[in-house]
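These protein sequences, in sequence, are chains F and Z. Per this note's numbering, the very first residue in the first sequence carries number 12; after that it's consecutive. Per this note's numbering, the very first residue in the second sequence carries number 58; after that it's consecutive. The beta carbon of each residue, even a glycine, is placed where N, CA and C say it ideally should be. Since we're looking at a predicted model, the values are computed, not measured.
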Amino acid sequence: MIAVAVTSTWYLVLAAVLFGIGLAGVMIRRNPLIMFMCIELMLNAVNLSFVTLANHLGDIGGQTTVLFVMVVAAAEVVVGLGIIVAILRRRPGATADDLSELKG
Amino acid sequence: MDILVFVCAAAMILCGALGVVTLRHPVHAALSLVLTLFGVAVLFVAQNAHFLAVAQVIVYAGAIVVLFLFVIMLLGVDRVEDLHAEPFKVQRPLAIVSGVALAGLLIAAVVASQHTNVAARGAGLPGVNPVRNDLHDGNIVALSKDLFSGHVLAFELTSVLLVIAVVATVLLARRSRGIDAAPTDGQAT
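Below, the structure written as structure tokens:
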């Protein structure tokens, strides 16, 4: 078996692919909940690259940043789901394309 | 061993991510999201970020996905989305192309920056707390030292942010009377 060392580049490439999938998902899907999940995918890709670079550079600051990103992501999910509940309660089955009330 | 862990976790992450994007049922998409979050937690452990792996499992896979499932069940939107009904013909190919293009751009940047040898300069910086530690729980000690010595203000501000988020959610989810009170509503919230 060939011993191949797993370098930081592998993790960063994986994070880039994960971010790309999340970005495509936000644009493809029209269910607001699924779009939110795709945003979570992108946030996790960023977290993964933060942890990778913290390990790579020997600096714990990257992991501290990930902790703050997690807190902000939790707050974002709570507020976003509150908005989605408020919208879908008035208009059941609305997709992202239907929510054009604020359009001028 | 490292490569085995990486390949398994990467497979989990990519399968879960593709599941979130492609599965038609919202509950299935949420469960795929759990798969991805667990894979990311495994990679956190593989990179000596033990506390963040625990937080990832508790906060993301525990709280956030449960919140997603709760909203799915609450709204009764657990219906299958028709992925073939597409109002804009050009949107889906454009989305796939832009996602692939962005991922390719990032990969190219990562591979290109591999040769600039940032690590050799960064690892020797004075004053940075080392990630690896001889202590048994060195990661948590180093992380808490950094968090509570250099980022106390930001840490306190996150608590303010969480309070604001809770208040905002209560206001958003409260059923205001007279505006959108459906006639079928029996109970007041």
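Open item on the list: Using a 10 Å radius around the Cβ and a threshold of 16 neighbouring Cβ atoms, would you call serine 60 of chain F buried or exposed?
Closed with: In the first sequence, the residue the question calls residue 60 of chain F occupies position 49. Serine 60 of chain F should be labelled buried.
Open item on the list: According to DSSP, simplified to helix, strand and coil, what is methionine 58 of chain Z?
Closed with: Translated into positions along the second sequence, residue 58 of chain Z becomes position 1. Of the three classes helix, strand and coil, the one that applies to methionine 58 of chain Z here is coil, per DSSP.
TODO: Run down chain F in chain order and give the residues with a C-beta less than 7 Å from the C-beta of alanine 86 of chain Z.
DONE: In the second sequence, the residue the question calls residue 86 of chain Z occupies position 29. Near alanine 86 of chain Z (Cβ distances below 7 Å), the residues of chain F are Ile45, Met48.
Task: chain F contact residues for isoleucine 164 of chain Z, given Cβ-Cβ distances below 7 Å - done: Residue 164 of chain Z sits at position 107 when you count from the first residue of the second sequence. Per Cβ cutoff of 7 Å: Val24, Ala27.
TODO: Confirm, please, whether the CB-CB distance from leucine 100 of chain Z to serine 89 of chain Z is below 8 Å.
DONE: For this step, residue 89 of chain Z is matched to residue 32 along the second sequence. For this step, residue 100 of chain Z is matched to residue 43 along the second sequence. In this structure, serine 89 of chain Z sits away from leucine 100 of chain Z, with a CB-CB distance that is not shorter than 8 Å.
- [ ] Could you tell me if phenylalanine 205 of chain Z is buried or exposed, where buried requires 16 or more neighbouring beta carbons within 10 angstroms of its beta carbon?
- [x] The count along the second sequence starts at 1 and reaches residue 205 of chain Z at position 148. Answer is exposed; the Cβ neighbour count stays below 16.
Open item on the list: With three or more C-beta pairs closer than 8 Å as the rule, is the region 68-82 of chain F touching the region 112-122 of chain Z?
Closed with: yes
Open item on the list: On the DSSP letters alone, give me the boundaries of the alpha helix (DSSP H) that leucine 94 of chain Z sits inside.
Closed with: As a working note, residue 94 of chain Z is residue 37 in the second sequence. Start and end: 83-103.
- [ ] Buried or exposed for cysteine 65 of chain Z, please, with buried defined as at least 16 other CB atoms from any protein chain shown within 10 angstroms of its CB.
- [x] Translated into positions along the second sequence, residue 65 of chain Z becomes position 8. The residue is exposed, with fewer than 16 neighbouring Cβ atoms inside 10 Å.
Task: Contact check, leucine 196 of chain F vs threonine 63 of chain F, beta carbons under 8 Å - done: A question about residue 196 of chain F goes unanswered here, because the residues of chain F that appear run from 12 up to 115.
Task: CA nearest to the CA of cysteine 49 of chain F, picked from F:Ala107, F:Ile94, F:Gly36 - done: For this step, residue 49 of chain F is matched to residue 38 along the first sequence. Nearest option by C-alpha distance: F:Gly36.
Task: CA-to-CA distance, leucine 92 of chain Z to isoleucine 221 of chain Z, given in whole angstroms - done: Here residue 221 of chain Z refers to the residue found at position 164 when the second sequence is read from its first residue. Here residue 92 of chain Z refers to the residue found at position 35 when the second sequence is read from its first residue. One C-alpha to the other measures close to 30 Å.
Task: Straight-line Cα distance separating valine 217 of chain Z from alanine 87 of chain Z - done: Numbered from 1 along the second sequence, position 30 holds the residue referred to as residue 87 of chain Z. Numbered from 1 along the second sequence, position 160 holds the residue referred to as residue 217 of chain Z. Going from the Cα of alanine 87 of chain Z to the Cα of valine 217 of chain Z covers about 29 Å.
Open item on the list: With a threshold of 8 Å between beta-carbons, can alanine 118 of chain Z be considered close to chain F, or not?
Closed with: Locating residue 118 of chain Z in the second sequence gives position 61, counting from the first residue. It does not: the Cβ of alanine 118 of chain Z has no partner Cβ on chain F nearer than 8 Å.
Open item on the list: What does the alpha-carbon distance come out to for the pair tryptophan 21 of chain F and valine 57 of chain F?
Closed with: Start at 1 with the first residue of the first sequence, and residue 21 of chain F comes out as number 10. Start at 1 with the first residue of the first sequence, and residue 57 of chain F comes out as number 46. For tryptophan 21 of chain F and valine 57 of chain F, the distance between alpha carbons rounds to 14 Å.
Task: Cβ-based neighbour list, alanine 26 of chain F, same chain, cut-off 8 Å, excluding 5 preceding and 5 following - done: Residue numbering aside, residue 26 of chain F sits at position 15 when the first sequence is read from its first letter. Cβ neighbours of alanine 26 of chain F beyond the five flanking positions: Ala56, Val57, Leu59, Ser60, Thr63.
Task: 8 Å Cβ cutoff met for aspartate 59 of chain Z and valine 89 of chain F - done: One-based indexing of the second sequence puts residue 59 of chain Z at position 2. One-based indexing of the first sequence puts residue 89 of chain F at position 78. Not closer than 8 Å, so no.
TODO: State the DSSP-derived secondary structure class of asparagine 42 of chain F, mapped to helix, strand or coil.
DONE: Within the first sequence, residue 42 of chain F is the residue found at index 31, counting from 1. Looking at asparagine 42 of chain F - three-state DSSP - the assignment turns out to be coil, as it is neither helix nor strand.
TODO: May I ask which residues mark the beginning and end of the alpha helix (DSSP H) holding proline 150 of chain Z?
DONE: For the purposes of this step, residue 150 of chain Z is taken as the residue at position 93 of the second sequence. Proline 150 of chain Z -> alpha helix (DSSP H) spans 148-170.
Task: 9 Å Cβ cut-off: residues of chain Z touching alanine 107 of chain F - done: Reading the first sequence from its first residue, position 96 is the one you call residue 107 of chain F. Within 9 Å Cβ-Cβ: nothing; alanine 107 of chain F doesn't reach chain Z, min ~11 Å.
TODO: Apply the 10 Å Cβ neighbour rule to serine 28 of chain F and answer buried if 16 or more other Cβ atoms are within range, or exposed otherwise.
DONE: The residue given as residue 28 of chain F occupies position 17 in the first sequence. One point to set straight first is that residue 28 of chain F is valine, not serine, in the sequence displayed. Valine 28 of chain F is buried by the Cβ-count criterion.
Open item on the list: Which residue wins for smallest C-alpha separation from glycine 195 of chain Z, given the options Z:Asn105, Z:Ser155, Z:Ala158?
Closed with: The residue given as residue 195 of chain Z occupies position 138 in the second sequence. Closest option to glycine 195 of chain Z, judged by alpha-carbon separation, among Z:Asn105, Z:Ser155, Z:Ala158: Z:Asn105.
- [ ] Kindly list, in the order they appear in chain Z, the residues whose Cβ is closer than 8 Å to that of valine 57 of chain F.
- [x] Position 46 of the first sequence, counting from 1, holds the residue named residue 57 of chain F. Under the 8 Å cutoff, chain Z gives no residues; its nearest Cβ is about 11 Å from valine 57 of chain F.
- [ ] Determine, using beta carbons only, whether arginine 281 of chain Z and isoleucine 39 of chain F come nearer to each other than 8 Å.
- [x] With chain Z running from 58 to 246 in the structure shown, residue 281 of chain Z is simply not present.
Open item on the list: Output needed for glycine 73 of chain Z: all residues of its chain with C-beta closer than 7 Å, excluding positions within five of it in sequence on either side, in chain order.
Closed with: Locating residue 73 of chain Z in the second sequence gives position 16, counting from the first residue. Excluding sequence neighbours, glycine 73 of chain Z sits near Ser89, Leu90, Leu92, Thr93, Gly96.
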